[in-house]
Amino acid sequence: MSPRLRAVAHLRLRLSDDLSIGPGKARLLEAIAETGSIAAAGRRLKMSYKRAWSLVEEMNRAFAEPLVTSARGGSSGGGASLTATGRQVAAGYRRVEERAEAAVAEEISALRSLLAPTGTPQEGSRNEK
């Protein structure tokens, strides 16, 4: 298995009827922490500012305390940062992700061993001419 290929590709945690957190929201929180900006985090993730802002607002509304605080731009430049709750949520998601990957790694490996070699069409496949 290549180092970039992970056992669990996309883990989505449904925390309530109104909120799920998956790799995209976790990456957004981490990017905001690293860049200090919702706009810069969105650019880094190839996401529009409107989409990034919308996801932040969705998460902020769902939790008892906001995950991200922000200040408007202007001459001082504005910015955004994770609150203690935001840092807890981002780190908690990554811990759950790591534990899930460890729990299923053996089964994923067994399933991958059944795959055809890359680029080798199998009998009855759509790639047959």
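Take any residue in the sequence shown, count from 1 to its spot, add 702: that is its number in the numbering used here. Glycine included, C-beta positions come from ideal geometry on N, C-alpha and C.
- Separation of D720 and A805 (C-alpha to C-alpha, rounded to the nearest whole angstrom) is 27 Å.
- Rounded to the nearest angstrom, the Cβ distance from Y795 to A728 is 4 Å, consistent with a contact under 8 Å.
- Counting only runs of at least 4 residues, the segment 740-764 fully encloses the following alpha helix (DSSP H) elements, listed from N- to C-terminal order: 740-746, 751-764.
- Straight-line spacing of the CA atoms in F765 and L713 works out to 20 Å.
- Rounded to the nearest whole angstrom, the C-alpha separation of A782 and W755 is 11 Å.
- Relative to the Cα of A786, the nearest Cα in the group N762, A802, E800, A807 belongs to N762.
- Going by DSSP, S718 is part of no beta strand (DSSP E) at all; its letter is neither H nor E.
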